[in-house]
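Line by line, the protein sequences give chains A and B.
Per our numbering, the first sequence starts with residue 1, numbered consecutively.
Per our numbering, the second sequence starts with residue 262, numbered consecutively.
Structure first, commentary second.
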Amino acid sequence: MSTETVQKEPASKIEISPDVAGGEIPTFDITLKVRRYNPEVSDEAHWDEWQLTMYGTDRVLDALHKVKWEHDGSVSFRRSCAHGVCGSDAMRINGRNRLACKTLLKDLDTSKPILVEPIKGLPVEKDLIVDMEPFFQSYREIMPFLVSKGHEPTKERLQSAEERDRYDDTTKCILCAACTSSCPVFWTDGQYFGPAAIVNAHRFIFDSRDDAGDMRLEILNDKEGVWRCRTTFNCSEACPRGIQVTKAISEVKQAILTRRV
Amino acid sequence: MATPIIETPRSGRVAPGYSRSSTSRGNFEMIAWLFMRLSGAILVVLIFVHLYVNLVAGDGISGIDFGFVAGKWADPVWQIWDLTLLWLSMLHGTNGIRVIINDYAEKNSTRMILKGVLYTATVVIVVLGTLVIFTFDPCPVIDGVAHVADYCPAP
Chain A
1 MSTETVQKEP ASKIEISPDV AGGEIPTFDI TLKVRRYNPE VSDEAHWDEW
51 QLTMYGTDRV LDALHKVKWE HDGSVSFRRS CAHGVCGSDA MRINGRNRLA
101 CKTLLKDLDT SKPILVEPIK GLPVEKDLIV DMEPFFQSYR EIMPFLVSKG
151 HEPTKERLQS AEERDRYDDT TKCILCAACT SSCPVFWTDG QYFGPAAIVN
201 AHRFIFDSRD DAGDMRLEIL NDKEGVWRCR TTFNCSEACP RGIQVTKAIS
251 EVKQAILTRR V
Chain B
262 MATPIIETPR SGRVAPGYSR SSTSRGNFEM IAWLFMRLSG AILVVLIFVH
312 LYVNLVAGDG ISGIDFGFVA GKWADPVWQI WDLTLLWLSM LHGTNGIRVI
362 INDYAEKNST RMILKGVLYT ATVVIVVLGT LVIFTFDPCP VIDGVAHVAD
412 YCPAP
């Protein structure tokens with residue numbers, strides 16, 4: 001054992017006068033309203049409401065955690081990394097699609113109840129959990145992987161900084177479905193490929209190393225493809241990564257046109 | 262005892278109603294999209310010249326009567342102008358409504374019915390309008406009675 005070699009950290013030398021409240025975070029009370037749905041109990045969804053005291057540094061996800069851990073353990077939602085990278089916790093907060101882990105409570109209107117619903121347009125499984133399979137099906141259909149012709153090179157596939165810049169914006173997608181489930185065209189019947197699939201197609205169509213751009217353009221030249229986009233910009237506003245989604249869709253439209261006309 | 266088989270969650274199953282039934286390749290939607298943009302740009306010119314000539318130039322709005330319209334349509338330039346205006350605006354509008362029906366109708370049967378009504382109305386209006394442009398008579402004789410206005414030649 002080498003426990004004796006572990007030295008205790010010396011006590012802090014900084015003197016804090018007792019009247020300075022060091023590191024104190026302001027607290028406030030919020031009302032959290034969550035859209036609940038449990039098909040094993042009822043076919044009808046309903047709202048549940050909780051009064052919580054939260055800190056100024058807390059996010060909507062923290063409020064949901066507080067509810068789940070301290071009030072009602074049956075509240076169901078997805079989250080993994082909780083830091084805006086995995087894209088699990090996209091939900092409709094006060095009528096807008098956002099990531100619960102990136103939305104600070106203090107940025108919302110705390111004088112009114114904060115409404116949390118599952119994202120729209122996809123079948124709800126329980127509470128805030130939706131069936132993402134239709135979303136991923138569209139994603140798979142646009143072939144989100146590098147397709148290259150000819151022999152595999154013996155060294156890396158070179159690309160200039162300008163060529164990389166061409167599709168840089170659309171590489172940021174985390175597949176949270178905030179854009180697709182904010183699109184009114186997708187809400188109608190769920191047939192539209194949706195902004196996320198087009199963004200990820202854009203990422204490969206404009207990649208100089210990829211050779212299947214034509215195939216992807218052909219897939220998106222569908223009745224349910226890019227031409228169903230009405231440029232309402234809901235997707236661009238919803239994207240938690242700030243991707244210019246509508247711009248990307250327009251670029252794919254242009255690419256289909258210039259290839260054909 | 263037979264073990265119940267539990268399916269793997271989300272084993273590639275897509276909720277019914279979400280899978281795209283038929284992939285429709287073909288360029289119809291692309292051409293429709295392009296048509297909306299091009300016809301829109303042309304219509305701006307056609308409509309504003311039409312409004313200016315009819316409502317502002319000359320006697321303005323008080324100069325409009327059957328005689329004014331007949332006079333315009335005696336000139337092949339205005340015949341072609343109005344014919345283009347009629348066809349482009351009707352097709353532009355019809356396509357716009359078609360798109361709205363596609364966006365808002367949730368069932369295919371609803372879509373079919375609404376689009377049926379739409380296309381019928383379009384065909385009727387376009388055919389009737391085209392006919393009027395080429396056969397317009399400001400001084401019709403109905404049942405042997407001449408409906409004479411002061412600009413009509415004496416019978």
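Even for Gly, the Cβ is constructed at its ideal location relative to N, Cα and C.
{"Query": "By Cβ distance, which residues of its chain are closer than 7 Å to A/E117, with the 5 residues on each side in sequence left out?", "Result": "R35, M91, R92"}
{"Query": "Counting C-beta neighbours from all protein chains within 10 Å, is the total for A/Y167 16 or more, i.e. buried, or is it exposed?", "Result": "buried"}
{"Query": "Please identify the residue among A/N200, A/M132, A/P184 whose C-alpha is closest to the C-alpha of B/V275.", "Result": "A/M132"}
{"Query": "Classify A/M1: buried if its beta carbon has 16 or more other beta carbons within 10 angstroms, exposed otherwise.", "Result": "Bear in mind that the predicted position of A/M1 carries a pLDDT of just 46, short of 50, making it too unreliable to give a figure here."}
{"Query": "Say whether chain A places a C-beta atom closer than 7 Å to the C-beta of B/A302.", "Result": "no"}
{"Query": "So, do the stretch 219-227 of chain A and the stretch 163-180 of chain A have three or more beta carbon pairs nearer to each other than 8 Å?", "Result": "no"}
{"Query": "Does any residue of chain B bring its CB to less than 7 Å from the CB of A/G242?", "Result": "no"}
{"Query": "Since A/L104 and A/R59 should fall inside the 8 Å C-beta cutoff, what is the C-beta to C-beta distance between them, to a whole number of angstroms?", "Result": "5 Å"}
{"Query": "The beta strand (DSSP E) with A/H151 in it runs from where to where?", "Result": "Here A/H151 belongs to no beta strand (DSSP E), and DSSP marks it neither H nor E."}
{"Query": "Would you list, in sequence order, the uninterrupted beta strand (DSSP E) runs of no fewer than 3 residues that lie entirely inside the stretch 72-101 of chain A?", "Result": "90-93, 96-99"}
{"Query": "Let's see if you can read the secondary structure: which residues bound the alpha helix (DSSP H) around B/M291?", "Result": "289-316"}
{"Query": "Measuring CB to CB, does A/S250 end up less than 7 Å from A/Q244?", "Result": "no"}
{"Query": "Among residues of its own chain, excluding the 5 on either side of B/K333, which ones have a beta-carbon nearer than 6 Å to its beta-carbon?", "Result": "W339"}
{"Query": "Is the distance from the Cβ of A/S88 to the Cβ of A/R96 below 7 Å?", "Result": "no"}
{"Query": "Alpha carbon to alpha carbon, how far is A/Y192 from B/W294?", "Result": "16 Å"}
{"Query": "Fully enclosed by the stretch 111-166 of chain A, which alpha helix (DSSP H) runs are 4 residues long or longer?", "Result": "133-141, 161-165"}
{"Query": "Mind listing the chain A neighbours of B/E268? Cutoff is C-beta to C-beta under 7 Å, in chain order.", "Result": "Ordered by position in chain A, no residue passes the 7 Å Cβ test against B/E268, which lies about 13 Å from the chain."}
{"Query": "Using the Cβ count rule (16 or more neighbours within 10 Å means buried), how would you classify B/L346?", "Result": "buried"}
{"Query": "Suppose you measure from the CA of A/K247 to the CA of B/F397; what does that come to, to the nearest Å?", "Result": "48 Å"}
{"Query": "Under a CB-based cut-off of 7 Å, is B/W294 close to chain A?", "Result": "yes"}
{"Query": "So which residues of chain A does B/M291 contact, with C-beta pairs closer than 8 Å?", "Result": "N221, W227, I256, L257, R260"}
{"Query": "Considering only residues of the stretch 331-402 of chain B, which uninterrupted alpha helix (DSSP H) runs meet the minimum length of 4 residues and lie entirely inside it, listed in chain order?", "Result": "337-365, 369-396"}
{"Query": "Under 7 Å between C-beta atoms, does A/V252 make it to chain B?", "Result": "no"}
{"Query": "Can you say whether A/P240 is buried or exposed, counting buried as having 16 or more other CB atoms within 10 angstroms of its CB?", "Result": "buried"}
{"Query": "Helix, strand or coil: how does DSSP classify A/D29 here?", "Result": "strand"}
{"Query": "Below 8 Å on C-beta distance, what does B/Y365 contact in chain A?", "Result": "T188"}
{"Query": "Let me see if you follow: with CB-CB separation under 7 Å, is B/Y380 close to chain A or not?", "Result": "no"}
{"Query": "Pull up the DSSP beta-bridge partners for A/E49, would you.", "Result": "A/K33"}
{"Query": "Helix, strand or coil, according to DSSP, for A/L104 in the structure here?", "Result": "strand"}
{"Query": "Where in the stretch 185-241 of chain A do unbroken runs of the alpha helix (DSSP H), each at least 4 residues long, occur, reported from the N-terminal end onward?", "Result": "195-205, 213-220, 234-238"}
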